[in-house]
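K.L.:
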Amino acid sequence: MDMKSARRWTIGMTAAPLGFTVALIPFTFLFNEVGRTSWLADAVFNWFFLLFFGAVVTVPIMIGGLITASLLPRFSRGASAAAIFVLLVSCGFAALLIYVGYADALTEPTFADDTRWTPKLSLPSAALFALPLLLLLAGNARAIRLLRRSYGM
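So this note's numbering is basically just the index in the sequence shown, starting at one, shifted up by 1390.
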């Protein structure tokens, strides 16, 4: 049972950024029509922007996670090690995005005429911005623990 659970968690955690991006699309259009006046809208716009342009990193993570999860039944130890590596890369990217969100909230603009592609995050919006990324880190930790326990690593 643990092997199937480890495989499901690996697939789910590597596909989570895509699902989150797709789920954000209606909210982005809604907040764009209402106006960007709240910290919630700021967090949503920053999520969508970073996940959209972060696809350069998240798409290879998804592909690697799906390939390694499909290989788990046949090549248990090697595929498990590769899946753990993919999940660790996903953790590193999520941690980097959390850092970027808080760095944006805690720093002042360096130029007087700061032209930004996304709204500046306040501390509440940075906390909201970090929440799904922290959940991704927790889910990845669970998937890694299941992989290590199931495949004897």
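No residue lacks a Cβ here, since even glycine has one placed at the ideal position from N, Cα and C.
1) Going by C-alpha to C-alpha distance, which of Thr1505, Ala1472, Ser1428, Phe1410 sits closest to Pro1522?
2) Is the stretch 1454-1466 touching the stretch 1489-1497 in the sense that three or more CB pairs, one from each, lie closer than 8 Å?
3) Output the residue ranges of the alpha helix (DSSP H) runs that lie fully inside the stretch 1458-1503 and measure 4 residues or longer, sorted by chain position.
4) Using a Cβ-Cβ cutoff of less than 7 Å, which residues in the same chain neighbour Ser1470 once the five nearest sequence positions on both sides are dropped?
5) So, do the stretch 1393-1404 and the stretch 1439-1446 have three or more beta carbon pairs nearer to each other than 8 Å?
6) Going by DSSP in three states, Gly1444 sits in which element: helix, strand or coil?
7) May I ask which residues mark the beginning and end of the alpha helix (DSSP H) holding Arg1532?
8) For Arg1397, which three-state DSSP category applies?
9) Measuring straight from C-alpha to C-alpha, what distance separates Pro1509 and Phe1419?
10) Throw me the rounded Cβ distance for the Leu1526 and Ala1433 pair, which I believe falls under 8 Å.
11) Could you say which of Leu1408, Leu1513, Pro1514 lies nearest to Ile1451 if we only look at CA atoms?
12) Under the assumption that Ala1520 contacts Ile1474 (Cβ atoms under 8 Å), give the Cβ distance between them as a whole number of angstroms.
P.N.:
To lay it out plainly:
1) Phe1410 is the residue among Thr1505, Ala1472, Ser1428, Phe1410 whose C-alpha sits nearest the C-alpha of Pro1522.
2) Because the criterion of three Cβ pairs below 8 Å is not met, the stretch 1489-1497 and the stretch 1454-1466 do not touch.
3) As far as the stretch 1458-1503 is concerned, its whole alpha helix (DSSP H) runs of at least 4 residues are 1466-1496.
4) Shown here for Ser1470: same chain residues with a beta carbon closer than 7 Å to its own, the five before and five after excluded, namely Leu1462, Leu1537, Tyr1541, Met1543 in chain order.
5) Cβ pair count under 8 Å is below three, so no.
6) Of the three classes helix, strand and coil, the one that applies to Gly1444 here is coil, per DSSP.
7) Note, Arg1532: alpha helix (DSSP H), 1513-1540.
8) DSSP places Arg1397 in helix when its eight states are reduced to three.
9) One C-alpha to the other measures close to 15 Å.
10) In this structure Leu1526 is not in contact with Ala1433, their Cβ atoms being roughly 15 Å apart against a cut-off of 8 Å.
11) Ranked by Cα distance from Ile1451, the options Leu1408, Leu1513, Pro1514 are led by Leu1408.
12) In fact, because the Cβ distance is near 24 Å, the residues do not count as touching under 8 Å.
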